[in-house]
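Asker:
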Amino acid sequence: MKKILSYTIAIITFIVLFSSCKKYLDINENPNAAAEPPINGLLANTTYSTANNIFNASNLTSYYTQYLASPNASSAADIYDNVDESATWASFYNIMTDLYDMKKFGAQKNLNAYVGVSNILMALHLNTLTNLWGDVPYSESFLGVKNLVPKFDDQKSLFDTCIDLLDKGIGFLQQPGADGQIDAASDFIHAGVTSAWILTAHALKARMLNQLSKTSSYSTSAVLAELASAYTGNSDDAQITAYVTDVNNNPWGDVAIANAGLNLDGWLSSHFVDATDGTTYGVFDPRLPLITQKNKDGIYIGTPNGKGRIGTGTTHDECYLDVDKWYSTPTAPFQLVTYAEIKFIESEAQFRAGNNQAAYDAYLAGITAHMQKLGVADTAIQRYTTDPAVAVGSGNITLALIMKEKYVACFLSPVTWDDMRRMDYAYKDFSLPVNALLSSFIRRVNYPNNELSTNGKNAPTVALTDHLWWDQ
């Protein structure tokens, strides 16, 4: 991305300046806008804003997965209270509308690569939406004033739609002439490289097919087939790296900056700290110092979900996201899909297929890849991966151990909430939050107030304990 830095800064600045009002890019809400927005502008907005949407999702699910805990007792996300995610819902549909437009204009101009990228990002957004809410509007959406109250489509059919979008996305990117069509300066995820987008589509498809592990349609061979066409190293990761100081920050960096300004947020859960500092598993994880700092007493200590902080919040009694750590520096890469994640998908699929040696090899590869990405020293990687608590051998590898390591490697990712529901929250020492309003673990999010007020007649009535179709 270095060779396009000047273009990157210009485009980010443009997006930031117009971010509060859906920009000139959205022709659906501004009657004075151009009849046909520049397709490169749509690409810039959708690729860049994808990070913000996935952040919005993870900024909720990270409390359910106990990566984070509120510093205040009995905060809504901590204790499974209803949380109004109207802003997240609206942001997803805003960008999905732009993806719909980009696909339409790409088809009109015979720009197959733009159609392919639109399909892939639409699948990512739609799958994330359905994993939060279940049934959501899609088939009757994006029609503007023609239909202000779209129906809610069945979540299983939407899963099938996502798979179809990924398949079609791959097909469009493989069309003659597609390579080289994408403007590199406008693509904040893969800098215009069509082959990289194809790898990401296969990785997303493997992720989604692995999500079916509790259903009769789960196929380890189908998962492994997609992985064979996906990433081969950390350099393939789908991530946004275009954050520029004084222009815009990684959204987790903004959380850390808020913390530094005593606007308390992004505090680490005691479950995550205990899982990495040796308390739960008997081995210290060298990634922990790259995620947070020790507290004022020189130890790592998290906050129990639902219980709230120990001290005043200003004396560093507990650990939280810091501005100089890997995930939460202002210019940190924001990860969407990673090689480390797909190695753990491979490990799980191989284990379920009865191939313990292949499962064990992928498990170790996933740990190593993630540590290398974070910059863990080779000696520390060697020490961790040869520790008896980690290096259990192929004969002793378990699904619980695979998922424990994936939990750390997917830090802050909303994918972990999908995993926890698939695993029925069976992670060592994982328990209900203090003061939980439910007697069992949360399974879904309630529909946002804005949608209920404008399209309530179509919205299903749900409970937070209702299982999604793949979580049975």
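Positions 53 to 524 (my numbering) are the ones given, in order, by the sequence shown.
The beta-carbon is built from N, C-alpha and C at its ideal position, and this holds for glycine as well.
Since the structure is predicted, the reported quantities are computational estimates derived from the model, not experimental observations.
1. Check for me: the alpha helix (DSSP H) holding Q409 runs from which residue to which?
2. So which of Y283, A236, L173 has the shortest CA-CA distance to E398?
3. As a quick exercise: from K208, C214, P189, pick the residue whose alpha carbon is nearest that of P202.
4. For S238, which of G93, D476, T517 has the nearest alpha-carbon?
5. To which residues does DSSP link D205 through a beta bridge?
6. Can you find at least 3 beta carbon pairs, one from the region 515-522 and one from the region 385-405, that sit closer than 8 Å?
7. Which of the three DSSP states is assigned to W249 in this structure?
8. Confirm, please, whether the CB-CB distance from N104 to P303 is below 9 Å.
9. DSSP on V319, reduced to helix/strand/coil?
10. If I measure Cβ to Cβ from I222 and keep anything under 6 Å in the same chain, skipping five residues before and after, which residues do I get?
11. Exposed or buried, which one is S101 when buried takes at least 16 other CB atoms within 10 Å?
12. Where DSSP assigns a beta bridge to F336, which residues make up the other side?
13. Please tell me whether Y412 and V460 are closer than 9 Å, where the distance is taken between their beta carbons.
14. Specify whether the region 400-409 and the region 371-384 touch according to this definition: at least 3 beta carbon pairs, one from each stretch, less than 8 Å apart.
15. Give the DSSP-derived three-state secondary structure of A121 in the structure shown.
16. Grouping DSSP H, G and I as helix and E and B as strand, with all else coil, what is F493?
17. Suppose you measure from the CA of Y119 to the CA of L264; what does that come to, to the nearest Å?
18. Which residue comes first and which comes last in the alpha helix (DSSP H) that contains Q25?
19. Which residues in the same chain as K458 place their Cβ atom closer than 6 Å to its Cβ, once the five residues preceding and following it in sequence are excluded?
20. Give the straight-line distance between the Cα atoms of D289 and P341, rounded to the nearest whole angstrom.
21. Among all the DSSP beta bridges, which residues are the ones paired with A290?
22. When you compare each of Q434, D206, F386, H242 to A96 by their alpha carbons, which one comes out closest?
23. Can you tell me whether DSSP reads T99 as helix, strand or coil?
24. Based on Cα-Cα distance, which residue from A405, H422, A421 lies nearest to S271?
25. Return the first residue and the last residue of the alpha helix (DSSP H) that Y436 is part of.
26. So, with DSSP's three-state summary, where would you put A515?
27. What residue from G330, Y352, F204, D219 has the CA that sits closest to K480's CA?
28. Note down the Cα distance separating I172 from H368, rounded to an integer number of angstroms.
29. Nearest-angstrom Cα distance between L178 and S465?
30. Among Y132, A142, S110, which one has its Cα closest to the Cα of P500?
31. Starting from R474, trace the alpha helix (DSSP H) in both directions and tell me its first and last residue.
32. Confirm, please, whether the CB-CB distance from A109 to L184 is below 9 Å.
33. For Y115, name the three-state secondary structure that DSSP assigns.
34. For K266, I'd like the list of residues in its chain whose CB is within less than 7 Å of its CB, leaving aside the five on either flank, ordered along the chain.
35. If you draw a straight line from the alpha carbon of G508 to that of T182, how long is it in whole angstroms?
36. Give the DSSP-derived three-state secondary structure of Y166 in the structure shown.
Answerer: So, from the data block:
1. Mapped onto the sequence shown, residue 409 falls at position 357. Per DSSP, Q409 belongs to the alpha helix (DSSP H) from 408-426.
2. Taking the sequence shown and counting its residues from 1, the one referred to as residue 398 is at position 346. Out of Y283, A236, L173, Y283 has the C-alpha closest to the C-alpha of E398.
3. Numbered from 1 along the sequence shown, position 150 holds the residue referred to as residue 202. Of the candidates K208, C214, P189, the one whose C-alpha sits nearest the C-alpha of P202 is P189.
4. Counted from its first residue, the sequence shown places residue 238 at position 186. When only C-alpha atoms are compared, the closest one is G93.
5. Start at 1 with the first residue of the sequence shown, and residue 205 comes out as number 153. Looking at the DSSP assignment, D205 forms a beta bridge with V188.
6. no
7. Here the question's residue 249 lines up with position 197 in the sequence shown. W249 falls in the helix class under three-state DSSP.
8. Locating residue 303 in the sequence shown gives position 251, where the first residue counts as 1. Locating residue 104 in the sequence shown gives position 52, where the first residue counts as 1. With contacts defined as CB atoms closer than 9 Å, P303 and N104 qualify as a contacting pair.
9. Translated into the one-based positions of the sequence shown, residue 319 becomes position 267. Contrary to the premise, residue 319 reads as Trp rather than Val in this sequence. Reduced to three states, the DSSP call for W319 is strand.
10. Residue mapping note: residue 222 aligns to position 170 of the sequence shown, counting from 1. Counting only Cβ-Cβ distances below 6 Å, and skipping sequence neighbours, we find I250, A253.
11. By 1-based counting over the sequence shown, the position of residue 101 is 49. Counting Cβ neighbours within 10 Å, S101 comes out buried, since at least 16 surround it.
12. Within the sequence shown, numbered from 1, the residue matching residue 336 stands at position 284. DSSP output for F336 lists D329 as bridge partner(s).
13. If you number the sequence shown from 1, residue 412 lands on position 360. If you number the sequence shown from 1, residue 460 lands on position 408. Result no, Cβ atoms of Y412 and V460 do not sit closer than 9 Å.
14. When Cβ pairs closer than 8 Å are counted between the two stretches, the region 400-409 is seen not to touch the region 371-384, the count staying below three.
15. The residue given as residue 121 occupies position 69 in the sequence shown. Three-state result, A121: strand.
16. To locate residue 493, count along the sequence shown from 1; it is residue 441. Three-state result, F493: coil.
17. On the sequence shown, residue 119 is found 67 positions in, with the first residue counted as 1. On the sequence shown, residue 264 is found 212 positions in, with the first residue counted as 1. For Y119 and L264, the distance between alpha carbons rounds to 24 Å.
18. Residue 25 cannot be examined here, being either before or after the span of the chain that is shown, 53 to 524.
19. Sequence index remark: in the sequence shown, residue 458 carries index 406 (1-based). Result list for K458: F396, in chain order.
20. Taking the first residue of the sequence shown as 1, we reach residue 289 at position 237. Taking the first residue of the sequence shown as 1, we reach residue 341 at position 289. Going from the Cα of D289 to the Cα of P341 covers about 23 Å.
21. Here residue 290 refers to the residue found at position 238 of the sequence shown. V389, per the DSSP bridge assignment.
22. As a working note, residue 96 is residue 44 in the sequence shown. Considering only alpha carbons, the answer is H242.
23. Here the question's residue 99 lines up with position 47 in the sequence shown. Here T99 sits in helix by DSSP.
24. If you number the sequence shown from 1, residue 271 lands on position 219. It is A405.
25. Stepping through the sequence shown from its first residue, residue 436 is reached at position 384. Run containing Y436: 430-437, per the alpha helix (DSSP H) assignment.
26. The residue you call residue 515 lines up with position 463 of the sequence shown. Three-state result, A515: coil.
27. Residue numbering aside, residue 480 sits at position 428 when the sequence shown is read from its first letter. Of G330, Y352, F204, D219, the residue nearest in Cα terms is G330.
28. Mapped onto the sequence shown, residue 172 falls at position 120. Mapped onto the sequence shown, residue 368 falls at position 316. If I take the Cα positions, the gap works out to 42 Å.
29. What you label residue 178 is simply residue 126 of the sequence shown in a count that begins at 1. What you label residue 465 is simply residue 413 of the sequence shown in a count that begins at 1. Roughly 16 Å between the two C-alpha positions.
30. To locate residue 500, count along the sequence shown from 1; it is residue 448. Ranking Y132, A142, S110 by Cα distance to P500 puts A142 first.
31. Within the sequence shown, residue 474 is the residue found at index 422, counting from 1. It spans 467-474 - the alpha helix (DSSP H) in which R474 sits, taken as one unbroken run.
32. Reading the sequence shown from its first residue, position 132 is the one you call residue 184. Reading the sequence shown from its first residue, position 57 is the one you call residue 109. Contact: yes.
33. On the sequence shown, position 63 is the one that residue 115 refers to. Here Y115 sits in helix by DSSP.
34. Residue numbering aside, residue 266 sits at position 214 when the sequence shown is read from its first letter. Same-chain partners within the cutoff: R474, W522, D523, Q524.
35. Sequence index remark: in the sequence shown, residue 508 carries index 456 (1-based). Sequence index remark: in the sequence shown, residue 182 carries index 130 (1-based). Spanning the two alpha carbons is a distance of roughly 17 Å.
36. As a position in the sequence shown, residue 166 is number 114, starting the count at 1. Three-state result, Y166: helix.
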